[in-house]
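Number of protein chains: 8
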Amino acid sequence: MRSQAPPSAPSGGLEGIAEFDFGRAARRGYPEAVLCEGKTMDHLVAIARAVGDRSSSNGHEPLGTILFTRASPDQAEAVCRELPGAVHDPVARMVAWPGPAPEPSGGTVLVLCAGTADIPVAREAWLTAQHLGRPAELVVDVGVAGLHRVLARVDQIAAASAIVVVAGMDGALASVVAGLASAPVVGVPTSVGYGAALDGLAPLLSMLNACAPGVAVVNIDNGYGAGHLAAQIAASG
Amino acid sequence: MRSQAPPSAPSGGLEGIAEFDFGRAARRGYPEAVLCEGKTMDHLVAIARAVGDRSSSNGHEPLGTILFTRASPDQAEAVCRELPGAVHDPVARMVAWPGPAPEPSGGTVLVLCAGTADIPVAREAWLTAQHLGRPAELVVDVGVAGLHRVLARVDQIAAASAIVVVAGMDGALASVVAGLASAPVVGVPTSVGYGAALDGLAPLLSMLNACAPGVAVVNIDNGYGAGHLAAQIAASG
Amino acid sequence: MRSQAPPSAPSGGLEGIAEFDFGRAARRGYPEAVLCEGKTMDHLVAIARAVGDRSSSNGHEPLGTILFTRASPDQAEAVCRELPGAVHDPVARMVAWPGPAPEPSGGTVLVLCAGTADIPVAREAWLTAQHLGRPAELVVDVGVAGLHRVLARVDQIAAASAIVVVAGMDGALASVVAGLASAPVVGVPTSVGYGAALDGLAPLLSMLNACAPGVAVVNIDNGYGAGHLAAQIAASG
Amino acid sequence: MRSQAPPSAPSGGLEGIAEFDFGRAARRGYPEAVLCEGKTMDHLVAIARAVGDRSSSNGHEPLGTILFTRASPDQAEAVCRELPGAVHDPVARMVAWPGPAPEPSGGTVLVLCAGTADIPVAREAWLTAQHLGRPAELVVDVGVAGLHRVLARVDQIAAASAIVVVAGMDGALASVVAGLASAPVVGVPTSVGYGAALDGLAPLLSMLNACAPGVAVVNIDNGYGAGHLAAQIAASG
Amino acid sequence: MRSQAPPSAPSGGLEGIAEFDFGRAARRGYPEAVLCEGKTMDHLVAIARAVGDRSSSNGHEPLGTILFTRASPDQAEAVCRELPGAVHDPVARMVAWPGPAPEPSGGTVLVLCAGTADIPVAREAWLTAQHLGRPAELVVDVGVAGLHRVLARVDQIAAASAIVVVAGMDGALASVVAGLASAPVVGVPTSVGYGAALDGLAPLLSMLNACAPGVAVVNIDNGYGAGHLAAQIAASG
Amino acid sequence: MRSQAPPSAPSGGLEGIAEFDFGRAARRGYPEAVLCEGKTMDHLVAIARAVGDRSSSNGHEPLGTILFTRASPDQAEAVCRELPGAVHDPVARMVAWPGPAPEPSGGTVLVLCAGTADIPVAREAWLTAQHLGRPAELVVDVGVAGLHRVLARVDQIAAASAIVVVAGMDGALASVVAGLASAPVVGVPTSVGYGAALDGLAPLLSMLNACAPGVAVVNIDNGYGAGHLAAQIAASG
Amino acid sequence: MRSQAPPSAPSGGLEGIAEFDFGRAARRGYPEAVLCEGKTMDHLVAIARAVGDRSSSNGHEPLGTILFTRASPDQAEAVCRELPGAVHDPVARMVAWPGPAPEPSGGTVLVLCAGTADIPVAREAWLTAQHLGRPAELVVDVGVAGLHRVLARVDQIAAASAIVVVAGMDGALASVVAGLASAPVVGVPTSVGYGAALDGLAPLLSMLNACAPGVAVVNIDNGYGAGHLAAQIAASG
Amino acid sequence: MRSQAPPSAPSGGLEGIAEFDFGRAARRGYPEAVLCEGKTMDHLVAIARAVGDRSSSNGHEPLGTILFTRASPDQAEAVCRELPGAVHDPVARMVAWPGPAPEPSGGTVLVLCAGTADIPVAREAWLTAQHLGRPAELVVDVGVAGLHRVLARVDQIAAASAIVVVAGMDGALASVVAGLASAPVVGVPTSVGYGAALDGLAPLLSMLNACAPGVAVVNIDNGYGAGHLAAQIAASG
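Top to bottom, those sequences are chains A, B, C, D, E, F, G and H.
Heads up: take any position in the first sequence, counting from 1, add 1, and you land on my numbering.
Heads up: take any position in the second sequence, counting from 1, add 1, and you land on my numbering.
Heads up: take any position in the third sequence, counting from 1, add 1, and you land on my numbering.
Heads up: take any position in the fourth sequence, counting from 1, add 1, and you land on my numbering.
Heads up: take any position in the fifth sequence, counting from 1, add 1, and you land on my numbering.
Heads up: take any position in the sixth sequence, counting from 1, add 1, and you land on my numbering.
Heads up: take any position in the seventh sequence, counting from 1, add 1, and you land on my numbering.
Heads up: take any position in the eighth sequence, counting from 1, add 1, and you land on my numbering.
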């Protein structure tokens, strides 16, 4: 049995593995992130190394903070080994490099989550917004089964420039918050729940049908996407 | 071309058409209803006639009020022709015979509906509960996009023995009401909405995943079933 | 590699983790339960501890029995360690604290389950009803493939104030029981089965389309929700 | 604007339209049927004419009864015009040619249907079995909401060689009948119902998950297929 | 046959019909809109009249522009009759009252649509953004099958404060535009297409999985919701 | 931590665990089988023991062969320990007790399977038919990608009284075989395949839409159900 | 009531309506087609006119044949009025301009269709291949229920350079043909069928899971797409 | 406990296991491949051995390269043990025997993949095309989020005879590439992504609705099928 050679990876390069979009920060204002899930360890390490090499070489624009999302513990450890100074948030499954978030600017991003089990996704949104440069706040467990909890946050809701609502099961919090807010609401359905929650399809559909206008929705469990969009919305805050 | 004879219908009988469950009121406490949708006019008329015949013949227990549900205007007119004294509610698409609801007993059934377009289904539930013998109240357009509307009904919610929540789109009202109520909540998702509302599947899933316990769900647009169940729940009110 | 600090948990508090709805028993008559599934061990332990602390502190209304549902063996053990006197039912995957159910009042809740594999969900419903204060009975393996089994229970069905039917596969038991009963029926579809059972969607749809009125449905495998609703229905029994 | 010529149809032939499987009766024991739905009037008339021509020409084996299924009134009339002696059953939407069913042989096919709205599909199955040569019986409106109705038919069920169960909504009748019968049960889910009946998917799934063995299922509303299969099963009665 | 009286509608009031959220403009900054689809003509007319009455009575804050969305031609005509000065856009199926859009402020909303058949939805978004106070631009038929069409708009894309992408079928335009833009992108999947487009579910799923971050999605064909959200995003432009 | 006692199991009895349908063989001609999947080890062992006890006690009709289906290796071993003389087929995941199949009678059951990966399900059908008393034949890997394979079996197909077709992926074999056969065809879709095979939904739908009449379908991977039905069909062979 | 002006359409131009990809023939070898379905009559007529204008103006490359697909009779008539010399095939719902197909070149495209009701889609594929320059053959009604029909075409199959298989229901013909052919097979599932055919999803899934390699699939009923692809495949014959 | 004997496997034969289609290369031009997934180790080893035996015996046509697809590491090792000279590509999960690809002929197959996580499927397509005799090129990570990446490949796209596009999530690359190419595009949706990617259904639907003609689609993750089809298309290059 001979094993065929894996895709060649020339010194420091990414040929046959990836074509990192190093120009994205210049083009769009925010750098490319790396979705760790689904990548082999070899490929991920090669990408992390290329990011580090690019950053330390001359003549390029600064990359900004590179986020590694949905990282397993092993993946996170491997990335942190390649990129000294990276910070790992195990609850959010995210690695940020360099670790410290930039000085915040723009309006505030408010992340509200319906239940304790939604915290990982909510943290991912909250950290993303911070790493993309916004002041951000996180409020947990304000689901509509006890309406007083969200009503107690009305002032915080009114002050935000962009709101992220993270909820599984019935996803009802998105409609309720949008009905109270003047800022745009980004809904993040989560896979929290079981049975007819259908791995997050139930809150996804619920949020897409929010009876209050001013809600748009990202993929199930996509805290990164919501934080990114909220940071864009709040940029001119 | 010869047309084969339709199923034979002996004088006054229903052979080959239906086997009406005349014993249901004795057995379950509530009589059988007739779902008009999907029945041919011939079959429906034969059933209405058999109901009238049975009622006027001796030696049987009283039938109670017979409801004809989801009746098209033509079907309603035909039923009313067979059963003098029947009353037709065109919004609810329901015919009741005899027309007047019985004297109410038991606890109050409260029907809350989220939007104006949900009124037909809500009325069906409200009328059913009345015809099955309960005092019933109907409150419309209290969707969560303007939360003050349902919060203004907290006392009414507290006083009810059974609550029916009728909502399409996000179906969020069921969770919000259950979070405020001690009485059981029967959720009725409606086909109001479009696109990802999926003809009522979105609020159905949302209500099945209500984050507040105390909610159970009936079929999409099934106002009759909800009113029936609420009447049973409130019986000992 | 530095690990970012997890959400801060001040002494005895739940900040950043949960906002327990301690007022629910006063507001709704039944206390909040804790869905263990999907929560990290840290978060779950913090919640259990806060429940214990609240209970032993002065000046609050009594909490009532707190149920921890869908608990893995590890989670159950951890909760029991925090809350001495708690009782764990491993089949139902439920921990109750305090352990003994209150003195029963109201009408009887009858839980019927179609097959042996439905027992875990049926027990969850049965125990919930007891812990919320109702007398409750459990009857197993009375699926419609051998109709004599459910027909032998007609008297028990007639005597109940609320009936929970737990069934997977075809979910046919709900329609059959509702056709025999005057009490409301709460259907609980289960994920028992394979292939076209679609993890419980088949019995869910079947029960939503029950040809006998008087059935409402909760989420797949949601024994807790069914027991809660049945306890509410039977309260004035 | 010139209209391109339609597919050529040589005198009496079917070129470019169909390739009728005239050998099927010899090969399989039962002749090919014609599904009218979806065919243009021109194509259908050409097929009916070819059937007539084939039958009146010499040197071929007899065709047996040709059934035209799911025929609209217009289609039925056109077929009957081409094939004198054909008989149209408007409820079953079927045309049979020649009209009289053959002398029955083999065991009895029993068709049971759950509700009045299922009669069209049940009749299609019942007529098909007769035209394929079996003695056949039709029993209507014996849904499980009133179990006494099907229990009154136990002897008829025991005497049948093949049973067809036609039901919409919960489809529960299939499981109940199979639990009582020694003969094979062919389930026909119907599109009767609304909302979560999903145009017949709910009873389809329910029947596929019948908790009693001895049930197999055909397509939604496919009375023809069920009658065909039942005739095959009962052939050696 | 007596027809039961419809829900009472006291002079000028909306009791039993609607509970218009007149405070929404004050609370959220944008007034409530009226979804015409699914409402009876009587109910719709009553709502339009109440809007007119409220506006002409003293002592209330100004309502702002009231939009009537998804209006059939008959509905549009009826609304215009009640509200002199209203303007109807038949392609967008929208009525605005008062007709003229307010003086634009904030950043520019850019609406891009993939094909000619998407124009009705795109116009709905474009008009909504204008009526809620933003400068807005509409670009049609720039689908990715001819990539040069969208690449010719790069400057326009760079100048926008909020972008709405309207596309059916593969929904690919959302990803492509987001990859070029720094402004947030609101995706509107449309029901344009057939077969596996599944009435808009295909582009809905495609947009939810946009490989470029910065996209959030509203309901299928929901041009109003997209225009509303884009107006909120561009408010501080 | 105290563990609540599991459901009580009186000596030799099944109370709280199961209500075995010992009368099924007398009523239906075939005994009840035990679906192992989803049962706890304790419950399964108690059922096996009760079967053994019943069999060795006097005054009962003979049970016939009891089949334990979808048994994991551990479950199979436990059942065999309780029931000496039982035989385990690990490929079919089935235990039969007593082990030897009865003397065959009736017509032949022919099981055809499309691919090698379908063999476990095909064997389950083949063994079930044998244990229910029919002569049975098994033919593997005759999928339609190489049509000569099934065409070589035309004589075997013509000789069978009942045919079971086991196929995953496109499920096309069912239509092809039915087009060649006069005997009824029972289709068993399997979960073999990946992606758009949707765990067996693709061949399930394909078989339900078989263009040749004479096919009915059982649940995905339900070899037991297919073998049972085929044995019933071939009984009078 | 004032009606807002529709999107402006400058003389002969398409501004606000479409941005016709006149360069596609040069870029891809085949011109853009016009999907009529979903376009307003005004928009369609404007596009047809622009096509005519472009063709008669100087200095452009020739457009090639422009196909208008899925045209209703009214739409077809309107297009033909704008473009003298256009030819309409009402069965295929297609208008071609100019009418005569170009001189054929390349290999032969063979279109096989399973049933008579599939002819409209099959004709659309067959005409498209001809108008894009290939010799093309059409064979109808060779479904696998009578396998001799397709086996009689083995030589024709062997001689083709590209094969289009058009089938509804079980879609089994695609696998069978691919198993016999060396040329690539393009599968076109059709919406022919009912119930579990799910408007063409059943054959779509079946073809995607074809057990014979060498099959790829286009959208349901997409005869145009299949003919286009087959013409590309057969180009170098 | 006695274990029943497994299906008999006569010396070197495959009876009861498989009926290898050794004639496929002669009939179709390409030999049968072996899908390892879902096969037991015993069955797979027997097949590999039979392939080896056939090859070394006289009087048969050469088999061509036999591919073993979707092989787990254990399966791959077992196959390589039976077939000396086989080569294993662990990323593509493929074993080829004999190892070296044949001398390339025909046109070039170009495989484009959208992201790094799509590489395993892309490699499977690329290797399959090579082993079936075509020159093949692989380009990775050219997703549309950075459009410059695919635009840089326009010449390579123009030179290809067949193009395979491998993409998960939005699947948008297929439409974009088809809009630029004259060669046929085979789309391979992948299960890369999460949540609403629905295990590859999202890109599958997106590609089926590609707004550019010239795309056909194979099963999710089916790199083998795409490579096979592309090799067929490019055969006459």
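Even for Gly, the Cβ is constructed at its ideal location relative to N, Cα and C.
Remember, it's a predicted structure, so these values are computed and weren't measured experimentally.
Delimiting residues of the beta strand (DSSP E) encompassing residue i
| i | result |
| --- | --- |
| threonine 70/F | 67–70 |
| alanine 203/D | Segment 202–209 is the alpha helix (DSSP H) holding alanine 203/D; no beta strand (DSSP E) there. |
| histidine 89/H | 88–90 |
Simplified DSSP assignment, three categories, for residue i
| i | result |
| --- | --- |
| leucine 181/E | coil |
| valine 193/D | coil |
| aspartate 75/D | helix |
| methionine 42/D | helix |
| leucine 15/C | coil |
| methionine 95/B | strand |
| isoleucine 221/H | coil |
| glycine 53/E | helix |
| histidine 132/A | helix |
| alanine 175/C | helix |
| leucine 84/G | coil |
Alpha carbon of residue i to alpha carbon of residue j, nearest angstrom
| i | j | result |
| --- | --- | --- |
| phenylalanine 21/E | leucine 36/E | 12 Å |
| glutamate 83/G | alanine 27/G | 24 Å |
| arginine 25/C | alanine 146/A | 9 Å |
| methionine 2/G | cysteine 81/E | Any reading at methionine 2/G is ruled out, since the residue's pLDDT is 47, under 50, leaving its predicted position unreliable. |
Boundaries of the alpha helix (DSSP H) in which residue i is found, first to last residue
| i | result |
| --- | --- |
| alanine 232/G | 224–234 |
| valine 145/E | Per DSSP, valine 145/E belongs to no alpha helix (DSSP H) and is neither H nor E. |
| aspartate 156/D | 155–160 |
| serine 27/G | Per the sequence shown, the amino acid found at residue 27/G is alanine instead of serine. 25–29 is the extent of the alpha helix (DSSP H) around alanine 27/G. |
Three-pair Cβ contact test at 8 Å for the stretch 80–100 of chain H versus the stretch 40–52 of chain H = yes
Contact list for the stretch 111–127 of chain A against chain C, Cβ threshold 9 Å = Gly116, Thr117, Ala118, Asp119, Ile120, Pro121, Arg124
Three or more C-beta pairs below 8 Å linking the stretch 165–185 of chain C and the stretch 202–212 of chain C = yes
Evaluate contact between the stretch 105–122 of chain D and the stretch 68–76 of chain D, counting only Cβ atoms and requiring at least three cross-stretch pairs below 8 Å.
-> no
Could you tell me whether the stretch 122–138 of chain F touches the stretch 83–94 of chain F, using the rule of 3 or more Cβ pairs below 8 Å?
-> yes
In the stretch 181–195 of chain D, which residues sit with their C-beta less than 8 Å from some C-beta in chain C, listed in chain order?
-> Leu181, Gly194
Check whether the stretch 188–199 of chain B touches the stretch 139–155 of chain B, taking contact to mean three or more Cβ pairs, one atom from each stretch, closer than 8 Å.
-> no
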